[in-house]
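In the numbering used here, the protein residues as written are 3 to 417. Idealized CB from N, CA, C, for every residue including glycine. As the structure is a computational prediction, the values presented were derived from the model and not from experiment.
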Amino acid sequence: MLRWLWNNLGSLLLAFILALAVWVVAITNADPTETHELGPIPIDYSGLRQGLLIVGEAPPITGSITVRAPLSIWEQIGLDNVGLAVYLESLEEGTHELAVETRLDARPAQVSDWEPGSITLTLERAATASLDITVEAVGEPQLGFRTTLVTSSPKRTVILGPLSLIDRVVSVVAAVNLLERREDFDLEVPLAAVDGDGNIIEGIELDPAVAQVTVKIEPRERFRLVSVVPNLEGEELLAEAGYRLTDVSVTPEVMTVFSSDPAALQGLPGFVLTSPFNLSGAIGDLERRLSLNLPQGVSPVEDQGVLVKVSISPVEGTITVSRLVEVRGLTDGLFAQLSPESVNIILNGPLPTLNSLQLEDVRVILDLLDLGLGVYQVTPLVIIAPTDVEREPMFPSTIEVTLTTEPPPTPTPPP
Numbered sequence: 003m004l005r006w007l008w009n010n011l012g013s014l015l016l017a018f019i020l021a022l023a024v025w026v027v028a029i030t031n032a033d034p035t036e037t038h039e040l041g042p043i044p045i046d047y048s049g050l051r052q053g054l055l056i057v058g059e060a061p062p063i064t065g066s067i068t069v070r071a072p073l074s075i076w077e078q079i080g081l082d083n084v085g086l087a088v089y090l091e092s093l094e095e096g097t098h099e100l101a102v103e104t105r106l107d108a109r110p111a112q113v114s115d116w117e118p119g120s121i122t123l124t125l126e127r128a129a130t131a132s133l134d135i136t137v138e139a140v141g142e143p144q145l146g147f148r149t150t151l152v153t154s155s156p157k158r159t160v161i162l163g164p165l166s167l168i169d170r171v172v173s174v175v176a177a178v179n180l181l182e183r184r185e186d187f188d189l190e191v192p193l194a195a196v197d198g199d200g201n202i203i204e205g206i207e208l209d210p211a212v213a214q215v216t217v218k219i220e221p222r223e224r225f226r227l228v229s230v231v232p233n234l235e236g237e238e239l240l241a242e243a244g245y246r247l248t249d250v251s252v253t254p255e256v257m258t259v260f261s262s263d264p265a266a267l268q269g270l271p272g273f274v275l276t277s278p279f280n281l282s283g284a285i286g287d288l289e290r291r292l293s294l295n296l297p298q299g300v301s302p303v304e305d306q307g308v309l310v311k312v313s314i315s316p317v318e319g320t321i322t323v324s325r326l327v328e329v330r331g332l333t334d335g336l337f338a339q340l341s342p343e344s345v346n347i348i349l350n351g352p353l354p355t356l357n358s359l360q361l362e363d364v365r366v367i368l369d370l371l372d373l374g375l376g377v378y379q380v381t382p383l384v385i386i387a388p389t390d391v392e393r394e395p396m397f398p399s400t401i402e403v404t405l406t407t408e409p410p411p412t413p414t415p416p417p
């Protein structure tokens with residue numbers, strides 16, 4: 003027996019290899035292996051020692067993993083089954099090249115490749131400092147005004163960042179634009195850490211990162227800020243004609259005036275009138291550039307005048323009109339008797355239009371086309387010529403029509 007096994011060992015081994023190959027081919031055909039790339043996958047950076055910061059070019063935050071697995075396993079593989087990690091334990095200050103580790107929670111499956119394979123990062127010691135907040139004015143207030151008080155809340159902030167950047171910080175500024183300002187204001191302003199040349203240093207955290215800045219502005223001597231009031235004339239005539247003023251605007255609403263005589267400025271009531279704007283006969287949207295009506299010795303700082311815009315609309319109203327019903331389409335040989343012979347119609351629209359309506363502007367038509375002998379209830383058609391007039395319910399809403407071959411009796415006049 004042993005001799006037989008020994009003499010046929012080669013044949014047995016070949017048969018086993020062939021059987022194994024057939025089995026592998028069968029399994030592979032039934033459940034083929036596929037390779038796919040998964041991503042993007044977040045890279046987990048862990049273990050950074052307290053007091054150190056990653057500086058310079060930021061390392062990648064995502065990557066990808068290429069996985070090789072049977073087709074049946076791919077149904078169970080997703081982004082939750084894989085991971086990328088970089089371990090920073092025991093690292094000191096300096097530049098380090100670190101391997102990216104992979105995680106695959108699926109069997110049987112294997113990672114065939116991943117990106118990135120390694121990363122390079124620089125660690126630096128963190129530092130903090132507490133600095134005063136400096137409010138930096140950009141631009142100048144409007145001519146004739148000056149700032150009297152500029153404050154910030156809070157007055158200090160804490161900066162945090164790499165030591166090399168913190169050492170470059172000279173001040174923390176809150177830049178406030180004062181250009182053409184003429185009134186007090188409060189503003190939330192972002193803070194910035196700057197170097198000796200005034201350049202903003204990026205990569206530094208500030209706590210808090212914003213400050214509430216309060217700026218007080220007042221007129222200089224011989225200047226005064228006054229409101230502008232449009233001097234409108236003819237409003238009574240508008241109302242009489244059935245129109246009303248619906249909107250008025252003035253640009254600018256306030257103006258700065260100047261006088262070498264302080265008493266003249268103090269004598270102003272706090273507002274100035276424009277030159278007259280006559281509204282008589284005006285309709286629609288109008289605008290005029292008007293001058294200011296200022297006392298002797300007082301002049302505007304900017305003598306471009308003011309722009310006054312007005313909107314004039316007709317007053318809406320309601321009237322009731324009565325109209326005789328007109329017959330149309332009556333068959334030859336027939337006579338129509340209407341009950342009633344007139345209707346009342348409620349009309350809505352601009353009063354000027356309503357007040358100027360003529361008889362032919364509102365007509366009531368009764369269409370009797372194709373109607374034969376008998377009694378009918380017919381809804382009349384109301385035709386209104388002005389397009390800006392709308393009709394409310396008409397009463398009565400229908401007319402009783404009696405069609406006969408005999409003319410209706412002639413009414414006997416009262417004695």
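Practice problem: State the start and end residues of the unbroken beta strand (DSSP E) segment that holds P164. | Solution: The count along the sequence shown starts at 1 and reaches residue 164 at position 162. Residues 158-164.
Self-check item: Status (buried if at least 16 other CB within 10 Å, exposed otherwise) for P210
Solution: The sequence position of residue 210 within the sequence shown is 208, counting from 1. Result: exposed.
Quiz prompt | Beta-bridge pairing of R109 - partner residues as DSSP gives them | solution = Taking the first residue of the sequence shown as 1, we reach residue 109 at position 107. Note: R109 sits in no beta bridge, so no partner.
Exercise. Helix, strand or coil for I168, going by three-state DSSP, please let me know.
Key: The sequence position of residue 168 within the sequence shown is 166, counting from 1. Annotated three-state conformation of I168 is helix, per DSSP.
Self-check item: Alpha carbon of R183 to alpha carbon of E103, nearest angstrom
Solution: Reading the sequence shown from its first residue, position 181 is the one you call residue 183. Reading the sequence shown from its first residue, position 101 is the one you call residue 103. Cα to Cα, R183 sits roughly 59 Å from E103.
Quiz item: Hey, out of D287, V391, D334, P382, whose CA is closest to I321's CA?
Solution: By 1-based counting over the sequence shown, the position of residue 321 is 319. Answer by Cα proximity: V391.
Practice problem: Can you give me the Cβ contacts of S48 inside the same chain, cut-off strictly under 7 Å, excluding the 5 residues immediately before and after it? | Solution: As a working note, residue 48 is residue 46 in the sequence shown. Counting only Cβ-Cβ distances below 7 Å, and skipping sequence neighbours, we find A87, Y89, L90.
Exercise. Tell me whether P382 is buried or exposed, calling it buried when 16 or more other Cβ atoms sit within 10 Å of its Cβ.
Key: Mapped onto the sequence shown, residue 382 falls at position 380. Its Cβ being crowded by 16 or more others within 10 Å, P382 is buried.
Practice problem: Could you tell me the distance, in whole angstroms, from the CA atom of S261 to the CA atom of R226? | Solution: Stepping through the sequence shown from its first residue, residue 261 is reached at position 259. Stepping through the sequence shown from its first residue, residue 226 is reached at position 224. Taking the straight line from one Cα to the other gives about 9 Å.
Quiz item: Quick one: is F187 buried, meaning 16 or more other Cβ sit within 10 Å of its Cβ, or exposed?
Solution: One-based indexing of the sequence shown puts residue 187 at position 185. F187 is exposed by the Cβ-count criterion.
Self-check item: Where F147 falls, given that 16 or more other Cβ within 10 Å makes a residue buried
Solution: Position 145 of the sequence shown, counting from 1, holds the residue named residue 147. Per the 10 Å Cβ criterion, buried.
Quiz item: Hey, how far is the Cα of L288 from the Cα of K311?
Solution: Here residue 288 corresponds to residue number 286 of the sequence shown, with the count starting at 1. Here residue 311 corresponds to residue number 309 of the sequence shown, with the count starting at 1. Their Cα atoms are separated by approximately 6 Å.
Quiz item: Could you give the distance in angstroms between the alpha-carbon of S66 and the alpha-carbon of V113?
Solution: Translated into positions along the sequence shown, residue 66 becomes position 64. Translated into positions along the sequence shown, residue 113 becomes position 111. If you take the alpha carbons of S66 and V113, they lie about 11 Å apart.
Self-check item: Which listed residue (E138, S293, G283, L73) has its alpha carbon closest to that of T253
Solution: Residue mapping note: residue 253 aligns to position 251 of the sequence shown, counting from 1. Residue S293 is the option with its Cα nearest to T253.
Practice problem: Just the C-alpha distance for G299 and V137, rounded to the nearest angstrom, thanks. | Solution: The count along the sequence shown starts at 1 and reaches residue 299 at position 297. The count along the sequence shown starts at 1 and reaches residue 137 at position 135. In a straight line, the C-alpha of G299 is about 38 Å away from that of V137.
Quiz item: Who pairs with L54 in a beta bridge, going by DSSP?
Solution: Against the sequence shown, residue 54 aligns to sequence position 52. Partner(s): R127.
Quiz prompt | Same chain, Cβ closer than 6 Å to W25, five either side skipped, listed in chain order | solution = For the purposes of this step, residue 25 is identified with residue 23 of the sequence shown, where counting begins at 1. For W25, the predicted model reports a pLDDT of 47, less than 50, meaning its position is unreliable; a value from the coordinates is still stated below. Within the same chain, W25 has no close Cβ partners at all.
Quiz item: When you compare only the Cα positions, how much space is there between V420 and N295?
Solution: The structure shown does not extend to residue 420, since the chain spans only 3 to 417, so no value can be given for it.
Quiz item: In terms of residue numbering, what span does the beta strand (DSSP E) encompassing T355 cover?
Solution: Here residue 355 refers to the residue found at position 353 when the sequence shown is read from its first residue. Annotation: T355 is outside any beta strand (DSSP E); the continuous alpha helix (DSSP H) that includes it extends over 353-357.
Self-check item: Buried or exposed (CB count within 10 angstroms, at least 16 for buried), T130
Solution: The count along the sequence shown starts at 1 and reaches residue 130 at position 128. Its Cβ having fewer than 16 others within 10 Å, T130 is exposed.
Exercise. Taking E402 and V377 to be in contact with their CB atoms under 8 Å, please state how far apart those CB atoms are, rounded to whole angstroms.
Key: Indexing the sequence shown from 1 puts residue 402 at position 400. Indexing the sequence shown from 1 puts residue 377 at position 375. Contact between E402 and V377 holds, since their C-beta atoms are separated by about 7 Å, short of 8 Å.
Self-check item: Three-way DSSP call (helix, strand, coil) for I75 in this model
Solution: As a working mapping, residue 75 is identified with position 73 in the sequence shown. Residue state, collapsed to three classes: helix.
Practice problem: Classify E362 as helix, strand or coil using the three-state DSSP reduction. | Solution: Numbered from its first residue, the sequence shown carries residue 362 at position 360. If DSSP states are grouped into helix, strand and coil, E362 belongs with the helices.
Practice problem: Indicate the three-state DSSP secondary structure (helix, strand or coil) for P118 in the structure shown. | Solution: Position 116 of the sequence shown, counting from 1, holds the residue named residue 118. Looking at P118 - three-state DSSP - the assignment turns out to be coil, as it is neither helix nor strand.
Quiz item: Can at least three beta-carbon pairs, one atom from the stretch 243-253 and one from the stretch 199-210, be found at a separation below 8 Å?
Solution: no
Quiz item: Among L309, V57, T248, L371, which has the Cα closest to the Cα of V329?
Solution: For the purposes of this step, residue 329 is taken as the residue at position 327 of the sequence shown. It is L371.
Exercise. Less than 8 Å between the CB atoms is what I'm expecting for M303 and V274, so what's the real figure, rounded?
Key: Locating residue 303 in the sequence shown gives position 301, counting from the first residue. Locating residue 274 in the sequence shown gives position 272, counting from the first residue. Here residue 303 is Val; the residue named in the question, Met, does not match the sequence. Not quite, the Cβ-Cβ distance comes to about 13 Å (not below 8 Å), so this is no contact.
Self-check item: Under the three-state DSSP convention, the category D287 falls into
Solution: Counted from its first residue, the sequence shown places residue 287 at position 285. It is a strand residue.
Exercise. Return the bridge partner residues of I348 from the DSSP annotation.
Key: Numbered from its first residue, the sequence shown carries residue 348 at position 346. Paired residue(s): T322.
Self-check item: Reduced DSSP category for L281 - H, G, I as helix; E, B as strand; rest coil
Solution: Here residue 281 refers to the residue found at position 279 when the sequence shown is read from its first residue. If DSSP states are grouped into helix, strand and coil, L281 belongs with coil.
Quiz prompt | Proximity to L373 [Cα-Cα], best of S341, P398, L332, P388 | solution = If you number the sequence shown from 1, residue 373 lands on position 371. Of the candidates S341, P398, L332, P388, the residue whose Cα lies closest to the Cα of L373 is L332.
Self-check item: Boundaries of the beta strand (DSSP E) in which L340 is found, first to last residue
Solution: As a first step, residue 340 must be located in the sequence shown, where it is residue number 338. Per DSSP, L340 belongs to the beta strand (DSSP E) from 337-341.
Quiz item: G335 to Q379, Cα distance in whole Å?
Solution: For this step, residue 335 is matched to residue 333 along the sequence shown. For this step, residue 379 is matched to residue 377 along the sequence shown. Near 20 Å, if we compare the C-alpha coordinates of Q379 and G335.
Practice problem: With DSSP as the reference, label Q379 as helix, strand or coil. | Solution: As a working note, residue 379 is residue 377 in the sequence shown. Three-state result, Q379: strand.
Quiz item: Roughly how many whole angstroms lie between the Cα atoms of L267 and E235?
Solution: To locate residue 267, count along the sequence shown from 1; it is residue 265. To locate residue 235, count along the sequence shown from 1; it is residue 233. If you draw a straight line from the Cα of L267 to the Cα of E235, it is about 27 Å long.
Exercise. Return the residue from the list I135, P411, A139, L165 that minimises the CA-CA distance to S154.
Key: Against the sequence shown, residue 154 aligns to sequence position 152. Taking only the C-alpha atoms, the option nearest S154 is I135.
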